[in-house]
Amino acid sequence: MAPAPPPDSSDTPRPAGLALLPRWLGLGTRSYLAGRPAEVPAVPPPRPVELTQLRDGQPQLTLQLLGQVEALGQTTVRAQTAGVVTRIAVQPGDRVQTGTLLATLDAADQQVTLAEAEARLAQAQSELKAAQAQEQAAADQWVRTQQLVAEGALSERALVEARAAQDSARSERLRAAALLAEAEAGPRREEIDSQRAQVRAAQATVNQARLALSRTRMLATMAGRIQTRVVSVGDLVERGDPVFTLVSANALEAYLEVPETAAGRLQPQTSVSLTARSLPNWQGRGILVGILPAAEPSSRQQQVRVVILDPPPQLLSGMAIQGEIRQAMPAGRGLQVERDARTRRGKQWLI
Numbered sequence: 001m002a003p004a005p006p007p008d009s010s011d012t013p014r015p016a017g018l019a020l021l022p023r024w025l026g027l028g029t030r031s032y033l034a035g036r037p038a039e040v041p042a043v044p045p046p047r048p049v050e051l052t053q054l055r056d057g058q059p060q061l062t063l064q065l066l067g068q069v070e071a072l073g074q075t076t077v078r079a080q081t082a083g084v085v086t087r088i089a090v091q092p093g094d095r096v097q098t099g100t101l102l103a104t105l106d107a108a109d110q111q112v113t114l115a116e117a118e119a120r121l122a123q124a125q126s127e128l129k130a131a132q133a134q135e136q137a138a139a140d141q142w143v144r145t146q147q148l149v150a151e152g153a154l155s156e157r158a159l160v161e162a163r164a165a166q167d168s169a170r171s172e173r174l175r176a177a178a179l180l181a182e183a184e185a186g187p188r189r190e191e192i193d194s195q196r197a198q199v200r201a202a203q204a205t206v207n208q209a210r211l212a213l214s215r216t217r218m219l220a221t222m223a224g225r226i227q228t229r230v231v232s233v234g235d236l237v238e239r240g241d242p243v244f245t246l247v248s249a250n251a252l253e254a255y256l257e258v259p260e261t262a263a264g265r266l267q268p269q270t271s272v273s274l275t276a277r278s279l280p281n282w283q284g285r286g287i288l289v290g291i292l293p294a295a296e297p298s299s300r301q302q303q304v305r306v307v308i309l310d311p312p313p314q315l316l317s318g319m320a321i322q323g324e325i326r327q328a329m330p331a332g333r334g335l336q337v338e339r340d341a342r343t344r345r346g347k348q349w350l351i
């Protein structure tokens, strides 16, 4: 007897819920997908386009230049006499005018020298006045003696003695006058510089002492701004020692770098527009006055010198500055535009 075949799985009865499960899953998936919005491919945002109206005219080239501000005038204030610094009246960055007090030196030695010279001058003047008075007294005595001799009151010998006294007084007066004239003439400059000559005149000594006293007050020799200060209160300075560095604040120039390929097209007296990052609200103008005849080997740049017209007080030496020069485009050269600014329609390119 043959064994019975195994029952077919397809003939095995299934529960009703399990039979409907695949259908429910399929319907749910389709419903979920139908409810989702269709994905739209990402589109890049439009690029901003700047429009302008084209006009007939001469094309221009614009050169953008960078450089540095320099002071047109600079001086070193030096001590003109020796002394100890007793006061500093200005500091770096201060603006000064011609004649502004910068510093003072101890003037005790100069005041003593001046007092001695004035005393010697007064003595010389007193001696001259005494000689003049003595001469006048002798002259008066001579006149009186002549009258007495004429009247017979005195002998002829007395007249001779009076005349001799008058001549002696006149000689003394002339000697004093000569000494005073020699003193007022003063010593020669070579004698003062070599410190070998002695002071011959009281007046010359007084003038020299007054000059030395005035030089203890150090004054600005031009209008500008204090750049550096070398000494402090209490320092001993000798004649010729540097004390301050003063730069002009109203006369400034700019040294700008320009490509060597463009330097040959620049001409003196060309107008230059100027700006500075440190002064965002300032727009100035300058005049190109020279082109330095040398190029930097590494950058192939040349420098041009531009005088800044009416610089503002805030513009200082050493600041960075930008320049712009506009030039007419040479004949035969074309205009360059960005690639993205062009579009092709048919056989034509449009901008």
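In terms of the numbering used here, the sequence shown is residues 1 to 351.
C-beta atoms are modelled at their ideal positions from N, C-alpha and C, and glycine is treated no differently.
Using the three-state DSSP reduction, which class does residue i fall into: helix, strand or coil?
{"i": "LEU121", "result": "helix"}
{"i": "VAL43", "result": "coil"}
{"i": "ASN207", "result": "helix"}
{"i": "GLN322", "result": "strand"}
{"i": "ARG217", "result": "strand"}
{"i": "GLU253", "result": "strand"}
{"i": "VAL112", "result": "helix"}
{"i": "GLU182", "result": "Residue confidence is low: GLU182 scores 47 on pLDDT, short of 50, so the model does not pin down where it sits. Its coordinate-derived value is still stated next. If DSSP states are grouped into helix, strand and coil, GLU182 belongs with the helices."}
{"i": "ARG170", "result": "helix"}
{"i": "THR245", "result": "strand"}
{"i": "ALA294", "result": "strand"}
{"i": "GLU70", "result": "strand"}
{"i": "THR81", "result": "coil"}
{"i": "GLN136", "result": "helix"}
{"i": "ALA328", "result": "strand"}
Tell me which same chain residues have a C-beta within less than 6 Å of the C-beta of residue i, skipping the five on either side of it?
{"i": "ALA82", "result": "GLU238, ARG239"}
{"i": "THR113", "result": "ALA209"}
{"i": "ARG188", "result": "Only weak support is given to the placement of ARG188: the predicted model assigns it a pLDDT of 37, under 50, and the value that follows is read from those uncertain coordinates. There are no such residues."}
{"i": "ASP106", "result": "GLY83, VAL84, THR86"}
Can the beta-carbon of residue i be found closer than 7 Å to that of residue j?
{"i": "LEU236", "j": "VAL69", "result": "no"}
{"i": "ARG305", "j": "GLU260", "result": "no"}
{"i": "ARG217", "j": "THR76", "result": "no"}
{"i": "LEU61", "j": "VAL258", "result": "no"}
{"i": "GLY353", "j": "LEU274", "result": "Nothing in the structure corresponds to residue 353, since the chain is present only between 1 and 351."}
{"i": "ALA254", "j": "GLY99", "result": "no"}
{"i": "ALA262", "j": "GLN110", "result": "no"}
{"i": "ALA117", "j": "THR221", "result": "no"}
{"i": "PRO313", "j": "TRP282", "result": "no"}
Starting from the Cα of residue i, find the closest Cα among the options and give me that residue.
{"i": "SER232", "options": "THR76, VAL85, PRO45", "result": "VAL85"}
{"i": "GLN267", "options": "GLN283, PHE244, LEU292", "result": "LEU292"}
{"i": "ALA223", "options": "LYS347, GLN74, PRO45", "result": "GLN74"}
{"i": "LEU246", "options": "LEU256, GLN227, GLY264", "result": "GLN227"}
{"i": "PHE244", "options": "ALA294, GLN327, LEU309, GLY93", "result": "GLY93"}
{"i": "ASN250", "options": "ASP140, GLN97, GLY234", "result": "GLN97"}
Could you round the C-beta distance between residue i and residue j to whole angstroms and report it? I think they count as a contact, below 8 Å.
{"i": "ARG95", "j": "ARG277", "result": "That pair is no contact at about 22 Å."}
{"i": "ILE325", "j": "THR270", "result": "6 Å"}
{"i": "GLY323", "j": "VAL272", "result": "5 Å"}
{"i": "LEU279", "j": "LEU315", "result": "6 Å"}
{"i": "SER248", "j": "ALA71", "result": "5 Å"}
{"i": "ARG265", "j": "GLN327", "result": "6 Å"}
For residue i, decide whether its Cβ has a neighbour in chain B, counting only Cβ atoms nearer than 7 Å.
{"i": "GLN136", "result": "Any reference to chain B falls outside this structure, which holds one protein chain only."}
Considering only residues of the same chain and omitting the five flanking positions on each side of residue i, which have a CB-CB separation below 8 Å?
{"i": "ILE192", "result": "Because the pLDDT at ILE192 is just 33, under 50, the model does not fix this residue reliably, and the value given afterwards should be weighed accordingly. Result list for ILE192: GLN208, in chain order."}
{"i": "SER194", "result": "Residue confidence for SER194 is low, a pLDDT of 34 falling below 50, so the modelled location carries little weight; the figure read from the coordinates is stated next. So the list is empty, once near-sequence residues are dropped."}
{"i": "LEU18", "result": "Residue placement at LEU18 is flagged as unreliable, the pLDDT there being 49, under the threshold of 50; the coordinate-derived value follows with that caveat. Result list for LEU18: empty, nothing under 8 Å."}
Here's a check: name, in chain order, each residue in its chain whose Cβ is nearer than 7 Å to the Cβ of residue i, leaving out the five neighbours to either side.
{"i": "ALA89", "result": "LEU101, LEU102, ALA103"}
{"i": "ALA341", "result": "ILE351"}
{"i": "PRO242", "result": "THR76, ARG78, VAL230"}
{"i": "VAL307", "result": "GLU253, GLY286, ILE287, VAL289"}
{"i": "VAL43", "result": "none"}
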